[in-house]
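Residue numbers (the working numbering), protein chains in the order written: chain P, -12 to 350; chain C, -12 to 350.
There are 2 protein chains.
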Amino acid sequence: MLIEELDTPAVVIDLDVMERNIARLSQYAAANHLNLRPHTKTHKIPDIAKLQIAEGATGVTVAKPGEARVMVDDDVRDLMIAYPLVTAAKADHAAQLARECQLRVSLDSPEAIAALGSGTLRHDSRIGILIEIDTGFRRCGVETPEAALLLAREVQRHSHLDFLGLMFYPGHLGKPPEEQPAAIAEVNAILDSFYRAFQIAGIDLPVVSGGSTPTAFRSHLFNGITEIRPGMYLLNDANLVRMGVAGLDDCALHVVVTVASTAVPGRAIVDGGSKTFSSDRSRNEPVSYGMIREDSQAIFVALSEEHGHLDISNSGRKYKVGERLRVLPNHVCTTVNMHDYLYGVRNGEVEKVWEITARGKVQ
Amino acid sequence: MLIEELDTPAVVIDLDVMERNIARLSQYAAANHLNLRPHTKTHKIPDIAKLQIAEGATGVTVAKPGEARVMVDDDVRDLMIAYPLVTAAKADHAAQLARECQLRVSLDSPEAIAALGSGTLRHDSRIGILIEIDTGFRRCGVETPEAALLLAREVQRHSHLDFLGLMFYPGHLGKPPEEQPAAIAEVNAILDSFYRAFQIAGIDLPVVSGGSTPTAFRSHLFNGITEIRPGMYLLNDANLVRMGVAGLDDCALHVVVTVASTAVPGRAIVDGGSKTFSSDRSRNEPVSYGMIREDSQAIFVALSEEHGHLDISNSGRKYKVGERLRVLPNHVCTTVNMHDYLYGVRNGEVEKVWEITARGKVQ
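Given below as structure tokens:
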């Protein structure tokens, strides 16, 4: 099938670009002796997780047990759930999964330890535990080495939990490359304070898991980390391009849309809106909802659920009802989550049709 | 099953509130001799469409043929696709559907007429056509009576298309009630200019389809409309509450979430983010992503995909990992679209488990 034969909106991946991105980060991680455990939130497809593993990833990361279940059922068996599981249902689900795969979970509370401790006991399974620490993003993670030590010792009291080390998510380092070294230095000061406390306490840290896409190729600058968990690096998106950490040529995923209306002067309406792109806005001004690859003068100015509103009043391009455009979404992960299928293309041919089987697994 | 037994995040509808909302608008429409054709984008579930029809709706509205297919397959057979279908695939799909149901489509271009004209000819089916006009929202719709007349005459040249009248979407009337009458007067001036032109041309307008939730109970103030297409009125959401057109007691849908982390001072993290609520922001300042029903002092300040970030620094409430909260989402339609199931509850019991079968149908 040719790409032109897909009805729109269609989410399309350039396989050459994706494979190049996967290989490049794998080589970087290997050269820097870092384990690579990509976050599958970006693609939500076991076959792509297996591609990443075949290229050297040691395993993958997910956010919820429902996503882990999809991966395990498709034979991906080294998993980290980078999310504090505090409901009995989720802890039980994770403990069941741990009978079928190598499983690690990050957490930051005694409640999560208790839930996983009793879940693993009930199912007679083992889960590796990473204590999440906050390195400045202010989302999850304990703030002090003392709090982390308390949790580590609490983990060690549970017969079926294995304390493995520390985990952090530097979500606040989504910055232009030139601003990253100073921000990484601040993170390092925090990391070092934790390392010192654990060393004094005599507790080993075999795993320190960090990293995300914006700083992926600077991961060697973080003190003492053993593993990185970037997600978006294999596809990239408009927000990463605007940030300066990816080029347009590094973007593997686009949404093909059709111009549905040009009736209103200064506007072109495409057949994808918030149900196609998610409502994630651009981080930079002017606010926009994606980049139109055929027309840098068009501003993707508003979204209805099924309508993308392009402001073309400053564009010299002539828009025609029925023509197709390629849109680079702001945020690739939330875009993929809206859809049931991804199309992998090479030289204009649809080579792969992937069902996005881990889509929408919020539990 | 009790509501407490649902794992989180769970999207829950209070059936008493929903039924009251459905009945109230049905009674208003009947009293004002307006046909009610609710937009199913809000719930995406055939069973709820049938409830609306049982309470007096003449049919329902959808946005894409894929949604219409789900409705027809579940025996909902009077449909309007309120979207210009300009790709051959979608026009063909609509023409096929028209063999199994009463179907209307709105459009604003000769390209859409040509696509539907040849589709219906190929499938020997009939589709009723409404010309979309722009009454100030500047999304779709022709701007002048002359353009609408040209399209109406073009429709009349196609053997399998039936010209039915005009359609508009007053998306710019999402305003507080006190600002609505003046805005409706402006819309009326535009509507009247179209009515005059069609009268002079001797072309009847048996259908004029308008309306949306913010102005639903003021629909009688629009000149000459025969039908309204509100979607959200049966569930409502935080944006409608902030706008002043719905009360908190009118909101039927909430998302039940669990506090996953309180490790960072001033923050509580709940287990639903942009994959649970969509990224739709509040229309008003401060920007927030939903209202926490248990705590009016908490601000839902940011979203990650699986994390809802609550700023609780100005709250006197004590948050505890593992406790459950009810969140009223900003935008009910985009929230429902993220999920596979809705739970209908009454008196704390889960009475209905609905699969959201028309979710994600972007084509």
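The beta-carbon is built from N, C-alpha and C at its ideal position, and this holds for glycine as well.
From a predicted model like this one, the values you see are computed outputs, not experimental measurements.
Three-state secondary structure assigned by DSSP to residue i
{"i": "alanine 184/C", "result": "helix"}
{"i": "aspartate 149/C", "result": "strand"}
{"i": "lysine 61/C", "result": "As written in the sequence, residue 61/C is aspartate, which differs from the lysine given in the question. Of the three classes helix, strand and coil, the one that applies to aspartate 61/C here is coil, per DSSP."}
{"i": "lysine 348/C", "result": "coil"}
{"i": "aspartate 179/C", "result": "helix"}
{"i": "glutamate 119/P", "result": "strand"}
{"i": "alanine 16/P", "result": "helix"}
{"i": "serine 105/P", "result": "helix"}
{"i": "arginine 311/C", "result": "strand"}
{"i": "arginine 91/P", "result": "strand"}
{"i": "valine 129/C", "result": "strand"}
{"i": "leucine 21/C", "result": "coil"}
{"i": "leucine 38/P", "result": "helix"}
{"i": "leucine 84/P", "result": "helix"}
{"i": "leucine -11/C", "result": "strand"}
{"i": "proline 168/C", "result": "helix"}
{"i": "threonine 174/C", "result": "Checking the sequence shown, residue 174/C turns out to be valine, not threonine. It is helical."}
{"i": "arginine 304/C", "result": "coil"}
{"i": "asparagine 324/C", "result": "helix"}
Interface partners of residue i on chain P, CB under 7 Å
{"i": "proline 217/C", "result": "Those within 7 Å of proline 217/C in chain P number zero; the least Cβ separation is about 14 Å."}
{"i": "serine 266/C", "result": "Ser265, Ser266, Asp267, Thr321"}
{"i": "lysine 28/C", "result": "Glu292"}
Residue i to residue j span [Cα, whole Å]
{"i": "leucine 2/C", "j": "leucine 240/C", "result": "9 Å"}
{"i": "methionine 154/P", "j": "valine 243/C", "result": "28 Å"}
{"i": "leucine 38/C", "j": "valine 340/C", "result": "15 Å"}
{"i": "leucine 151/C", "j": "serine 275/P", "result": "37 Å"}
{"i": "arginine 24/C", "j": "valine -2/C", "result": "25 Å"}
{"i": "asparagine 324/P", "j": "tyrosine 15/C", "result": "38 Å"}
{"i": "lysine 28/C", "j": "asparagine 334/P", "result": "37 Å"}
{"i": "tyrosine 220/P", "j": "aspartate 267/C", "result": "25 Å"}
{"i": "glycine 128/P", "j": "leucine 290/P", "result": "34 Å"}
{"i": "glutamine 143/C", "j": "aspartate 149/C", "result": "7 Å"}
{"i": "lysine 307/P", "j": "lysine 348/C", "result": "24 Å"}
{"i": "threonine 245/P", "j": "glutamate 87/C", "result": "27 Å"}
{"i": "glutamine 167/C", "j": "serine 13/C", "result": "21 Å"}
{"i": "methionine 114/C", "j": "glycine 331/C", "result": "For the sequence presented, residue 114/C should be read as isoleucine rather than methionine. Spanning the two alpha carbons is a distance of roughly 35 Å."}
{"i": "alanine 203/C", "j": "glutamate 173/C", "result": "17 Å"}
{"i": "phenylalanine 181/C", "j": "tyrosine 70/C", "result": "20 Å"}
{"i": "serine 265/C", "j": "valine 319/C", "result": "9 Å"}
{"i": "aspartate 224/C", "j": "isoleucine 343/C", "result": "18 Å"}
{"i": "valine 195/P", "j": "glutamate 214/P", "result": "6 Å"}
{"i": "arginine 311/C", "j": "valine 73/P", "result": "11 Å"}
{"i": "alanine 82/P", "j": "aspartate 258/C", "result": "19 Å"}
{"i": "glycine 106/P", "j": "isoleucine 32/P", "result": "27 Å"}
{"i": "leucine -7/C", "j": "arginine 270/C", "result": "31 Å"}
Chain-ordered chain C contacts of residue i [CB-CB under 8 Å]
{"i": "alanine 50/P", "result": "Glu292, Glu293"}
{"i": "alanine 76/P", "result": "Asp(-6)"}
{"i": "aspartate 327/P", "result": "Gly347"}
{"i": "valine 57/P", "result": "Neighbours of valine 57/P on chain C: none; closest Cβ ~13 Å, over 8 Å."}
For residue i, the residue or residues it bridges with in DSSP
{"i": "histidine 296/P", "result": "Ile256/P, Ala289/P"}
{"i": "threonine 48/C", "result": "His26/C, Met67/C"}
{"i": "glycine 331/C", "result": "Ile0/C, Lys339/C"}
{"i": "valine 195/C", "result": "Leu153/C"}
{"i": "leucine 112/P", "result": "Leucine is not the amino acid found at residue 112/P; the sequence shown has serine there. Serine 112/P pairs with nothing; no bridge assigned."}
{"i": "leucine 137/P", "result": "BP columns for leucine 137/P are empty, so no partner."}
Neighbouring residues, chain C, relative to residue i (Cβ below 7 Å)
{"i": "isoleucine 256/P", "result": "Arg126, Cys127"}
{"i": "serine 248/P", "result": "Pro71, Asp95, Ser96, Cys127"}
Contacts that residue i makes with chain P (C-beta to C-beta distance below 8 Å)
{"i": "lysine 262/C", "result": "Thr321, Asn324, Gly347, Val349"}
{"i": "proline -4/C", "result": "Val349, Gln350"}
{"i": "threonine 245/C", "result": "Val73, Thr74"}
{"i": "lysine 31/C", "result": "The premise fails here: lysine 31/C is roughly 10 Å from chain P at the closest Cβ pair, so nothing lies under 8 Å."}
{"i": "glycine 259/C", "result": "Val349"}
{"i": "aspartate 111/C", "result": "Within chain P, no residue comes near aspartate 111/C; the closest Cβ sits about 22 Å away, beyond 8 Å."}
{"i": "glycine 161/C", "result": "In chain order: nothing, as chain P lies at least about 12 Å away."}
Contacts that residue i makes with chain C (C-beta to C-beta distance below 9 Å)
{"i": "aspartate 60/P", "result": "Result: empty, since nearest Cβ-Cβ is about 17 Å, beyond 9 Å."}
{"i": "glycine 198/P", "result": "Near glycine 198/P there are no residues of chain C at all, since even the closest Cβ is about 16 Å away, more than 9 Å."}
Proximal chain P residues relative to residue i, where beta-carbon distance stays under 9 Å
{"i": "histidine 296/C", "result": "Arg125, Arg126"}
{"i": "glutamate 130/C", "result": "Ala250, Val251, Pro252"}
Proximal chain D residues relative to residue i, where beta-carbon distance stays under 9 Å
{"i": "aspartate 121/C", "result": "Absent here is chain D; the protein component of the structure consists of chains P and C."}
message = Quick check for students: name the residue ranges of the alpha helix (DSSP H) that lie wholly in the region 207 to 292 of chain P, counting only runs of 4 or more.
response = 225 to 230, 261 to 264
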